[in-house]
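Asks: Just so you know, my numbering puts 54 at position 74 of the sequence shown, and the rest follows in order with no gaps. Where is the CB? At the ideal position from N, CA and C, for every residue including glycine. After the structure tokens below, expect a handful of questions from me.
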Amino acid sequence: MKTETSPEKGSKRELITFSIGQQDFCMDIMLVREIRGWTKVTMLPHSPADVLGVMNLRGAVVPIVDLSARLGLGPCKPSKRDVIIIAHIGNQTVGFLVTAVSDIVGISPDEIQPMPKVGGLDENNFVQGIIASGDRTLRVLDINELAAAMAAEPVEV
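Right under this line is the structure:
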């Protein structure tokens, strides 16, 4: 008996694609709760450099992470054209600042190539694999690993 959540050989996985600057990434669409335009956030003292602050999302306080800075691509200066991907990871809701959301793609697991080991950078831990499709290369983000790393970071007091 097949279930919706059991990964099967040849089954498609839906990913939402987005860009950070000129770089293309994707993540599991099942984690995404909504996509919002950029809105001003409330900064928090002593927060990590890639945490832009928090926003009020229908009464819930949601941290907003600069995904560019988190991935080692340099900090992003938010503009009105940027978007926030609101994702629910485990028991936490997090917003990720990205440049643009592109589309949704269906990918079979065998289309995802392993991430090459380059320099042993911690940021590489956040990438599950790479999808090469035509002239486009997508990096598949491991959002659970990203959230785990955020939770493990010490907060300055």
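Should the segment 22 to 32 be called in touch with the segment 104 to 113, which here means at least 3 C-beta pairs below 8 Å?
Replies: Segments in contact, no.
Asks: To the nearest angstrom, how far is it from the Cα of D122 to the Cα of I9?
Replies: As a first step, residue 122 is located in the sequence shown; it is residue number 142 there, counting from the start. As a first step, residue 9 is located in the sequence shown; it is residue number 29 there, counting from the start. Approximately 12 Å between the Cα atoms of the pair.
Asks: Could you round the C-beta distance between V120 and L(-5) to whole angstroms and report it? I think they count as a contact, below 8 Å.
Replies: Locating residue 120 in the sequence shown gives position 140, counting from the first residue. Locating residue -5 in the sequence shown gives position 15, counting from the first residue. That belief holds up - the Cβ atoms of V120 and L(-5) are roughly 7 Å apart, short of 8 Å.
Asks: For G114, which residues from the same chain have a beta carbon less than 8 Å from its beta carbon, with the 5 sequence-adjacent residues on both sides left out?
Replies: Reading the sequence shown from its first residue, position 134 is the one you call residue 114. Nothing listed; no residue qualifies.
Asks: Given a threshold of 16 other Cβ atoms within 10 Å of its Cβ, counted over all protein chains shown, does K(-8) qualify as buried or as exposed?
Replies: Within the sequence shown, residue -8 is the residue found at index 12, counting from 1. Counting Cβ neighbours within 10 Å, K(-8) comes out exposed, since fewer than 16 surround it.
Asks: Relative to the alpha-carbon of L126, which residue among K20, R50 and R38 has its alpha-carbon at the smallest distance?
Replies: The residue you call residue 126 lines up with position 146 of the sequence shown. Closest option to L126, Cα to Cα, is R50.
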